[in-house]
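J.: The sequence shown begins at 45 in the working numbering and counts up by one.
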Amino acid sequence: SSELKFNNVEVLLSFFPRLEHLQLINHEGYSDPLFFDGSRLENLIETKLPLLKKFDFWFSNYAQYNSDEITVETVIATFRTLFWLEDKHWIVKCDSEYKENLEVFYLYSIPNCRDDFDYSHQQIKIQCSALNTTDNNTIVTVNANQLSIDLNEMMIHTIQRKVRLILYFQVQLLLVRHIILRQNYR
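#1: Quick check: the segment 117 to 127 against the segment 78 to 85, are at least 3 beta-carbon pairs closer than 8 Å?
#2: According to DSSP, which residues form a beta bridge with residue 135?
#3: Using the Cβ count rule (16 or more neighbours within 10 Å means buried), how would you classify residue 30?
#4: Thinking C-beta only, is residue 97 closer than 8 Å to residue 64?
#5: Taking all protein chains shown into account, do 16 or more other C-beta atoms lie within 10 angstroms of the C-beta of residue 56, making it buried, or fewer, making it exposed?
#6: Suppose you measure from the CA of residue 75 to the CA of residue 103; what does that come to, to the nearest Å?
#7: How many Å lie between residue 54 and residue 88 at the Cα?
#8: Taking DSSP as the reference, what is the three-state secondary structure of residue 58?
#9: From the DSSP secondary-structure annotation, give me the bridge partner or partners of residue 31.
#10: According to DSSP, is residue 69 part of a helix, a strand, or is it coil?
#11: Quick check: what's the CA-CA separation for residue 177 versus residue 134?
#12: Quick one: what does DSSP say residue 80 is sitting in, helix, strand or coil?
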């Protein structure tokens with residue numbers, strides 16, 4: 045399974061109590077729902093990583109469409125504590141999008157820590173988004189050095205949608221060092 049398991053990460057990190065910078069990125073698959081619980085992460089950091097100064101992360105998970113078990117607001121509410129906002133000054137964002145009867149959730153630190161963005165299969169239409177801070181002017185910067193685009197999808201309306209997505213995430217195009225242009229013959 046390509047699912048990142050919270051308990052496995054917790055055991056591994058217990059061997060590094062002096063860690064100051066942690067980056068957890070689940071590029072493929074889905075993350076354990078426990079990563080979407082700010083209280084659980086807070087407890088992990090306070091008990092296992094007391095010296096942690098910087099925490100970069102990107103997690104994704106899904107729920108059945110129209111399910112009440114998880115919402116952007118219920119997720120982000122667990123990151124609106126003194127620990128996240130005042131002690132650590134870590135800004136967290138949660139987005140949701142719909143893909144075929146599923147609602148996909150993305151939870152990530154700000155600034156965004158991923159260094160690649162794949163627009164080749166991107167159908168993203170973010171439906172809901174929330175920060176753990178009340179400052180809605182916080183910039184969501186993506187410092188990407190790799191950008192992937194599917195040439196089969198290069199129609200005007202698709203290009204416009206992808207440009208809006210790039211602008212939404214404020215991708216720093218000057219930092220892009222690798223471009224992957226894909227075209228599959230059908």
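Virtual Cβ for every residue (Gly too), placed ideally from N, Cα, C.
T.: So, from the listed chains and residues:
#1: Cβ pair count under 8 Å is three or more, so yes.
#2: Residue numbering aside, residue 135 sits at position 91 when the sequence shown is read from its first letter. Paired residues: 154.
#3: In the structure as shown, the chain begins at 45 and stops at 230. Residue 30 is therefore absent and cannot be evaluated.
#4: Within the sequence shown, residue 64 is the residue found at index 20, counting from 1. Within the sequence shown, residue 97 is the residue found at index 53, counting from 1. Contact flag set, yes.
#5: Locating residue 56 in the sequence shown gives position 12, where the first residue counts as 1. Residue 56 counts as exposed, since fewer than 16 other C-beta atoms from the protein chains shown sit within 10 angstroms of its C-beta.
#6: For the purposes of this step, residue 75 is taken as residue 31 along the sequence shown, with counting starting at 1. For the purposes of this step, residue 103 is taken as residue 59 along the sequence shown, with counting starting at 1. Whole-angstrom Cα-Cα distance: 6 Å.
#7: Taking the sequence shown and counting its residues from 1, the one referred to as residue 54 is at position 10. Taking the sequence shown and counting its residues from 1, the one referred to as residue 88 is at position 44. Distance between the alpha carbons of residue 54 and residue 88: 7 Å.
#8: By 1-based counting over the sequence shown, the position of residue 58 is 14. Coil, per DSSP.
#9: Here the chain comprises residues numbered 45 to 230, so residue 31 is not present and cannot be evaluated.
#10: By one-based count along the sequence shown, residue 69 stands at place 25. If DSSP states are grouped into helix, strand and coil, residue 69 belongs with the strands.
#11: Working through the sequence shown from its first residue, we reach residue 177 at position 133. Working through the sequence shown from its first residue, we reach residue 134 at position 90. Approximately 9 Å between the Cα atoms of the pair.
#12: In the sequence shown, counting from the first residue as 1, residue 80 sits at position 36. Correct three-state label for residue 80: helix.
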